[in-house]
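Asks: Numbering (my numbering), first residue to last: 4 to 123.
The structure is reproduced here in structure tokens:
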């Protein structure tokens, strides 16, 4: 039996490297889509730097605090996190989660983001 972290790591490795992967749900076998791109080519240095900073905050960090830590403006931080119609942000890439806590937006690196940064 495989734990959730191992499943996530194996699936991510397959996606990032364009390898066919499948999942078993009960008695059904489901082929997962093959993604033929590299996350690394989609991450500029600013996005990588933000992910490295987020690794230091396992419980997440308020967006305002992250902007101060990263020494960038709030609009630029929003660009890197949310992206645009033409450029995917960290959220669209599935590398971070954002939720409201006590009236503040808190961002946290997720398992895929952690695995990607540790492998890089």
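Where is the CB? At the ideal position from N, CA and C, for every residue including glycine.
Taking the continuous beta strand (DSSP E) assigned at residue 108, which residues delimit it?
Replies: The sequence position of residue 108 within the chain shown is 105, counting from 1. Unbroken beta strand (DSSP E) run through residue 108: 107–112.
Asks: Is the region 110–122 close to the region 85–92, with three or more CB pairs under 8 angstroms?
Replies: These segments do not touch.
Asks: Consider the C-beta atom of residue 66 and the heavy atoms of the ligand GDP; say whether any pair is separated by less than 6 angstroms.
Replies: With respect to the ligand GDP, the structure shown offers nothing to examine, as it has no ligands at all.
Asks: Can you tell me whether residue 106 is buried or exposed, with buried defined as 16 or more other CB within 10 angstroms of its CB?
Replies: In the chain shown, counting from the first residue as 1, residue 106 sits at position 103. Flag for residue 106 reads exposed.
Asks: What residue range is occupied by the uninterrupted beta strand (DSSP E) comprising residue 84?
Replies: If you number the chain shown from 1, residue 84 lands on position 81. Careful: residue 84 lies outside any beta strand (DSSP E), inside the alpha helix (DSSP H) at 77–85.
Asks: Going by other Cβ atoms of all chains shown within 10 Å of its Cβ, with 16 needed for buried, is residue 98 buried or exposed?
Replies: As a working note, residue 98 is residue 95 in the chain shown. Label assigned to residue 98: buried.
Asks: Between which two residues does the alpha helix (DSSP H) harbouring residue 35 extend?
Replies: Taking the chain shown and counting its residues from 1, the one referred to as residue 35 is at position 32. Unbroken run through residue 35 is the beta strand (DSSP E), 31–35; no alpha helix (DSSP H).
Asks: Under three-state DSSP, which class holds residue 67?
Replies: Indexing the chain shown from 1 puts residue 67 at position 64. Three-state DSSP puts residue 67 in a helix.
Asks: For residue 104, which beta-bridge partners are listed by DSSP?
Replies: Start at 1 with the first residue of the chain shown, and residue 104 comes out as number 101. Answer by DSSP bridge pairing, in chain order: 107.
Asks: Considering only C-alpha positions, which residue in the set 11, 6, 28, 64 is nearest to residue 102?
Replies: As a working mapping, residue 102 is identified with position 99 in the chain shown. Per the Cα distances, 64.
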